[in-house]
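Our numbering numbers the first residue of the sequence shown as 15 and each following residue consecutively. Working notes for the structure below.
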Amino acid sequence: MHGDPGILCFQHCKREAKIFCFKLPKTCRLCGGDLETSELRIPPFRVPYPFISAKNVPCCVVIKPTTGNFLCNYRNSSDLHIGVTSSEGDVYEFDKEGLLTGKNEDWVECLAVPVVAKYDNTWKEFWDYTLQVVSTQEKWDCSRYHEENHNCYTFVLTFLRTLQLKELKSSLQNKMRFCMDFIIPRTRGAAKYIALFRILQKDGVCVQC
Ligand SMILES: [Zn+2]
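Next up, the structure:
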């Protein structure tokens, strides 16, 4: 596991140039100026780490790469595994082994995909109750799993449809529509962070103008 690699961002001599690094270099990549003695336009701040443990995102949809973690293994949104958290942050997921819960150690660096903005206790009870009803259905037996037609997305979409929320209806027509409305906007931001991380691993410093 990586955890937050602590990417820093600062500005030195040029207003439009953001400089990223893990550790502040001695000199500016742009002007060659000494960074310890000269003033920084914007002092270093930590770039927010986009990944979070499922335990910290109750009543939420969560995604992660099918194998490995985002920073090292993510290529594109087609290799993502998806699950739902209970009000306690326990992940419910469906894969070739059937319906699984409580494998939270696999979900310490996932992306949260909030689909509903309701947080009161009645809502949490309703969410958990629906999760129980849906997850105990027979169709999540491992024998029914099919990589394309009956998979982790089928489970999450079935659960969300069972909530019967008007505002979600059009997004739940099929997997493609759901991905366009909810998944891709989340992975787009994460992909930028991942790309930056990989450049920094290779080059140490990255300048974005
Ligand atoms: Zn400079």
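Using N, Cα and C, we set each Cβ at its ideal position, and we do this for glycine too.
- Taking 8 angstroms as the upper bound for CB-CB distance, Phe-24 and Leu-214 are not in contact here, some 13 angstroms apart.
- Counting C-beta atoms within 10 angstroms of its own C-beta, His-95 has 16 or more neighbours from the protein chains shown and is therefore classed as buried.
- Your pair Cys-42 and Gly-97 does not check out as a contact, with CB atoms roughly 44 angstroms apart and the cut at 8 angstroms.
- For Cys-86, the three-state secondary structure derived from DSSP is helix.
- Take the alpha-carbon of Arg-60 and the one of Ile-33: they are about 12 angstroms apart.
- The three-state secondary structure of Thr-201, taken from DSSP, is helix.
- Here Phe-34 is bridged, per DSSP, to Cys-23 and Cys-220.
- Using a Cβ distance threshold of 9 angstroms, Leu-22 and Pro-58 count as a contacting pair.
- For a cut-off of 8 angstroms, the C-beta gap from Pro-72 to Glu-102 is around 6 angstroms, short enough to register as a contact.
- Ordered along the chain, residues surrounding ligand 1 are His-26, Cys-27, Lys-28, Cys-42, Leu-44, Cys-45 and Gly-47 [Cβ under 7 angstroms from any heavy atom].
- Here Thr-136 is exposed, its C-beta having fewer than 16 other C-beta atoms within 10 Å.
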